[in-house]
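The structure appears below as structure tokens.
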Amino acid sequence: MKTIRTRYAPSPTGYLHIGGARTALFNYLFAKHFNGTFVFRLEDTDVARNVVGGEESQLNNLAWLGIIPDESPLKPNSKYGAYRQSEKLPIYQKLVEELIQNGHAYKAYDSEEELAMQHKQSEEAGVASFRYNPNWLQISNEEKQRREEAKEYSIRLKLPANKDYAWNDLVRGKISVNSDDIGDFVIMKSDGYPTYNFAVVVDDHQMEISHVLRGEEHITNTPKQLAIYDAFGWEPPLFGHLTIITNMEGKKLSKRDKTLKQFIEDYKNEGYPAAAIMNFLALLGWTSGDKQELMNREELIAKFDPERLSKSPSKFDIIKMDWFAKQYMKNISNEELIKKINSPKEHEWNELFVETYKQSSPTISTLKKDLEIYLNPKENCDLELERLDVVKVFYKELISREFNIENIQKAIDETKTILNVKGRDLFMPIRKATTFEEHGPELAKAIYLFGAELVFKRLNGIIKI
Ligand code: GLU
120 MKTIRTRYAP SPTGYLHIGG ARTALFNYLF AKHFNGTFVF RLEDTDVARN
170 VVGGEESQLN NLAWLGIIPD ESPLKPNSKY GAYRQSEKLP IYQKLVEELI
220 QNGHAYKAYD SEEELAMQHK QSEEAGVASF RYNPNWLQIS NEEKQRREEA
270 KEYSIRLKLP ANKDYAWNDL VRGKISVNSD DIGDFVIMKS DGYPTYNFAV
320 VVDDHQMEIS HVLRGEEHIT NTPKQLAIYD AFGWEPPLFG HLTIITNMEG
370 KKLSKRDKTL KQFIEDYKNE GYPAAAIMNF LALLGWTSGD KQELMNREEL
420 IAKFDPERLS KSPSKFDIIK MDWFAKQYMK NISNEELIKK INSPKEHEWN
470 ELFVETYKQS SPTISTLKKD LEIYLNPKEN CDLELERLDV VKVFYKELIS
520 REFNIENIQK AIDETKTILN VKGRDLFMPI RKATTFEEHG PELAKAIYLF
570 GAELVFKRLN GIIKI
């Protein structure tokens, strides 16, 4: 088997999106599973859309997730040339020139307006989708000469007639598109910049990329890319097109949808455990053969099997994401969490706090929110207490004992026996009356963390009502 080389090739147009992160992760897992190399390179030729710091931000977010490329603009392997397209313009130009020389590409002198006219005429003729017609434009030799000198032309690939471009998609099986359904397309724009389809083929070829996993929006690009490989006589990599990620309603995720956190940066800022996000992303369009769900990076690498990439869209389920996050939070050491929450309390208290609350907290942010109820305790309980009798008995049982976790538990148990109440009827009134919250972790511990003084002050206040 040839050496596995995969790549993630973002445009530096903004933060790392969930979709991009998933593509990067699958390529990374694929490479690592087969002891191959994972490459990060940059598609930065759309100058107007590039943002300052875009490359760095992509790399930093990937690193936060635990995805470190083996090669990148910062760690190039000189054998493969530059890792930013903007640094390869002369290479693309030279290769385009080669295609012109051997008749696989030609200069197209149409202006924007003329092209628009062609479009319009083809539409009026009832053609479903536009095909460029190289013979449409009739201009004088002088005009052609003028446009040539002013470099007012783009370069198009000349497609052979009626040729099938087919590939065995790693996710979807055989796909085939006929050249007559594509039409000659632009490979270099009049500004001398290559188009995406051209540059990506050159890059994949020069970097000896063996497998390409990418989003399904690229399926229509693949036959064009195969046509370019064909024109050069190069061997293409194997392609796999991942299915889309949808929201819970089954609609494709839109970057504009503000109700969902869609950028890795958001999760990082909220203090989600990075390993949980990696685990969650891995299951957006892939499952492990043994149906295991919780997997750290090493396990994911060991188990990743491209045969198990999903053929149906994957739902982005934030509740599931939080479930993953909680599972990972539990395994973070108390010491590490204490460092992150900035609590002014004593170490022993902090230790009990994080140990208690990390069982049900998905992020550092939620843990800090939990801490707030202790640092700035509420003055009043604005919750309805269904059973005051439960609170009263609990109070009596608690005040006769030394205030510690064990005894708080005893007081709860005694209340249960005395009143013959259990479950919600027992816990809710006690929880609300002591913590002023409806939800929380293990009750006795949550109560203990408030300290005797505050707990009795609250209980007294409530019993007097
Ligand atoms: N820059 C392209 C994208 O982000 C890369 C496409 C490809 O993987 O070929 O979608």
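Numbering (our numbering), first residue to last: 120 to 584. Note that CB positions come from ideal geometry on N, CA and C, so glycine has one too. On a predicted model such as this, the values are computed, not experimentally measured, just so you know.
Within 7 Å: the Cβ of residue i and any heavy atom of ligand 1?
{"i": "S130", "result": "yes"}
{"i": "E162", "result": "yes"}
{"i": "V319", "result": "yes"}
{"i": "V158", "result": "no"}
{"i": "R577", "result": "no"}
{"i": "V331", "result": "yes"}
{"i": "G598", "result": "There is no way to answer for residue 598, as the model of the chain reaches only from 120 to 584."}
{"i": "G334", "result": "yes"}
{"i": "H337", "result": "yes"}
Sorted by chain position, which residues of the same chain lie with C-beta nearer than 7 Å to residue i's C-beta, five sequence neighbours on each side aside?
{"i": "A350", "result": "L218, H223, L276"}
{"i": "L573", "result": "P496"}
{"i": "G133", "result": "V170, G173"}
{"i": "K430", "result": "V290, R291, T362"}
{"i": "I527", "result": "L517, A563, I566, Y567"}
{"i": "K370", "result": "none"}
{"i": "H337", "result": "H360"}
{"i": "P591", "result": "This structure gives no information on residue 591, because the portion of the chain shown stretches from 120 to 584."}
{"i": "E325", "result": "Glu is not the amino acid found at residue 325; the sequence shown has Gln there. Y199, G200, listed in sequence order."}
For residue i, does the three-state DSSP call read helix, strand or coil?
{"i": "D501", "result": "coil"}
{"i": "M307", "result": "strand"}
{"i": "A167", "result": "helix"}
{"i": "I567", "result": "Rather than Ile, the amino acid found at residue 567 in this sequence is Tyr. Note: Y567 maps to helix in three-state DSSP."}
{"i": "W286", "result": "strand"}
{"i": "L434", "result": "First, the residue type needs correcting, since residue 434 is Lys and not Leu in the sequence shown. Strand."}
{"i": "N388", "result": "helix"}
{"i": "R546", "result": "A small fix is needed here, since residue 546 is Phe in this sequence, not Arg. If DSSP states are grouped into helix, strand and coil, F546 belongs with the helices."}
{"i": "R333", "result": "strand"}
{"i": "T125", "result": "strand"}
{"i": "P279", "result": "coil"}
{"i": "P342", "result": "helix"}
{"i": "I537", "result": "helix"}
{"i": "H558", "result": "coil"}
{"i": "E418", "result": "helix"}
{"i": "I301", "result": "coil"}
{"i": "P313", "result": "strand"}
{"i": "F159", "result": "strand"}
{"i": "E327", "result": "coil"}
{"i": "L193", "result": "coil"}
{"i": "I187", "result": "coil"}
{"i": "K551", "result": "helix"}
{"i": "I485", "result": "The sequence given here places Thr at residue 485; Ile does not occur at that position. DSSP places T485 in helix when its eight states are reduced to three."}
{"i": "S273", "result": "strand"}
{"i": "G371", "result": "It should be noted that the sequence gives Lys, not Gly, for residue 371. Here K371 sits in strand by DSSP."}
{"i": "K198", "result": "helix"}
{"i": "R203", "result": "strand"}
{"i": "I363", "result": "coil"}
{"i": "L357", "result": "strand"}
{"i": "S176", "result": "helix"}
Whose C-beta lies closer than 8 Å to the C-beta of residue i among residues of the same chain, with five residues either side of it excluded?
{"i": "E327", "result": "T122, R124, Y199"}
{"i": "N523", "result": "Y567"}
{"i": "V512", "result": "E533, T534, I537, L538"}
{"i": "S309", "result": "K270, E271, Y272, S273"}
{"i": "I258", "result": "Y228, R266"}
{"i": "P463", "result": "L494"}
{"i": "R427", "result": "W405, T406, S407, G408"}
Spatial neighbours of residue i within its chain, please: C-beta separation below 6 Å, excluding the five flanking residues on both sides.
{"i": "N398", "result": "M414, F443"}
{"i": "S479", "result": "P560"}
{"i": "F145", "result": "L332"}
{"i": "L419", "result": "L148, A401"}
{"i": "V296", "result": "Y284, P342"}
{"i": "F159", "result": "Y127, P188, S191"}
{"i": "D299", "result": "N281"}
So with Cβ pairs under 8 Å, would you call residue i a contact of chain D?
{"i": "Y476", "result": "Going by chain labels, chain D is absent from the structure shown, which holds only one protein chain."}
Handout entry: Those runs of the alpha helix (DSSP H) which lie wholly inside the segment 207-270 and span at least 4 residues
Key = Taking 4 residues as the shortest admissible run, the segment 207-270 contains the following complete alpha helix (DSSP H) segments, listed from N- to C-terminal end: 208-220, 231-243, 260-268.
Handout entry: Ranges of the alpha helix (DSSP H) found wholly within the segment 441-474, counting only runs of at least 4
Key = The segment 441-474 is shown to contain whole alpha helix (DSSP H) runs of 4 or more residues at 453-460, in chain order.
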